[in-house]
Amino acid sequence: MTLTTETHSAVLAAIVEGCASLGFEMSCDLVTGQLLRTLAASRPGGRILELGTGAGASTSWLLSGMDADTTLLSVEQDPVVAAVAAAHLGADRRLDLRVGDGAELIDALAGHRFDLIFADTWPGKFHHLDQALGLLAPGGVYLVDDLLPQRTWPTDHARAVRELLDRLTTDPRLHTTYLDCSTGLLLATRH
Ligand SMILES: C[S@@+](CC[C@H](N)C(=O)[O-])C[C@H]1O[C@@H](n2cnc3c(N)ncnc32)[C@H](O)[C@@H]1O
Numbered sequence: 001m002t003l004t005t006e007t008h009s010a011v012l013a014a015i016v017e018g019c020a021s022l023g024f025e026m027s028c029d030l031v032t033g034q035l036l037r038t039l040a041a042s043r044p045g046g047r048i049l050e051l052g053t054g055a056g057a058s059t060s061w062l063l064s065g066m067d068a069d070t071t072l073l074s075v076e077q078d079p080v081v082a083a084v085a086a087a088h089l090g091a092d093r094r095l096d097l098r099v100g101d102g103a104e105l106i107d108a109l110a111g112h113r114f115d116l117i118f119a120d121t122w123p124g125k126f127h128h129l130d131q132a133l134g135l136l137a138p139g140g141v142y143l144v145d146d147l148l149p150q151r152t153w154p155t156d157h158a159r160a161v162r163e164l165l166d167r168l169t170t171d172p173r174l175h176t177t178y179l180d181c182s183t184g185l186l187l188a189t190r191h
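Counting from 1, one number per residue, gives the positions in the sequence shown under our numbering.
Next comes the structure, spelled out in structure tokens:
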């Protein structure tokens, strides 16, 4: 069943309930979700890649903005949280949900092109960054969140975030905009 803007609220509420029962607290917030939906809607017929499905909150926002011809490939390493996403979103034929390591998927996708990449886990953000950026089509958009200090950050993560910001904002392939809202976002377009 195709998720739409009309059915999205109920689906998201069910995912949020699933997250609460698992104690999963890493889903994107409302502002990032709305931005994902806006970006997804700007790419009719596009190809979208999500690294770190989590329980499917961000996936649901992306699906709610996508048209019938847009496809979304999303990967999550943890089968328990991935099962929540699959239960609520798995029937949507535009979505290809994978359970596995995002780094392996990035490597396997070499040569493919995506119009939008939401990098919300380690691979494609803190490692395998160049490979992930290599998957961006010209004009493609890359988005990362969680750039402002979070209580879930591991020790020394602030340095890794600074290095990530340095790398992205000095990459000659990209135009970047830092958005000081939500959890701290960086939006980049490959030119
Ligand atoms: C920030 S959460 C994703 C939240 C989700 N995008 C959302 O906003 O609803 C990051 C996710 O990445 C997953 N993860 C960690 N390492 C991974 C890897 N190597 N490959 C794929 N997923 C990974 C974690 O299990 C976690 O669910």
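Where a beta carbon is used, it is the ideal one built from N, C-alpha and C, also for glycine.
Distance CB(residue i)-CB(residue j) smaller than 7 Å
{"i": "residue 56", "j": "residue 117", "result": "no"}
{"i": "residue 186", "j": "residue 141", "result": "no"}
{"i": "residue 53", "j": "residue 74", "result": "yes"}
{"i": "residue 188", "j": "residue 174", "result": "yes"}
{"i": "residue 3", "j": "residue 64", "result": "yes"}
{"i": "residue 62", "j": "residue 48", "result": "yes"}
Rounded Cβ spacing between residue i and residue j (contact assumed at less than 8 Å)
{"i": "residue 123", "j": "residue 51", "result": "6 Å"}
{"i": "residue 17", "j": "residue 152", "result": "Not quite, the Cβ-Cβ distance comes to about 20 Å (not below 8 Å), so this is no contact."}
{"i": "residue 36", "j": "residue 58", "result": "6 Å"}
{"i": "residue 108", "j": "residue 128", "result": "In fact, because the Cβ distance is near 12 Å, the residues do not count as touching under 8 Å."}
{"i": "residue 147", "j": "residue 165", "result": "7 Å"}
Neighbour-count burial assignment, residue i, 16 or more Cβ in a 10 Å radius
{"i": "residue 133", "result": "buried"}
{"i": "residue 163", "result": "exposed"}
{"i": "residue 46", "result": "buried"}
{"i": "residue 135", "result": "buried"}
Residue i CB to nearest heavy atom of ligand 1 below 6 Å
{"i": "residue 61", "result": "no"}
{"i": "residue 104", "result": "no"}
{"i": "residue 153", "result": "no"}
{"i": "residue 81", "result": "yes"}
{"i": "residue 75", "result": "yes"}
{"i": "residue 66", "result": "no"}
{"i": "residue 1", "result": "no"}
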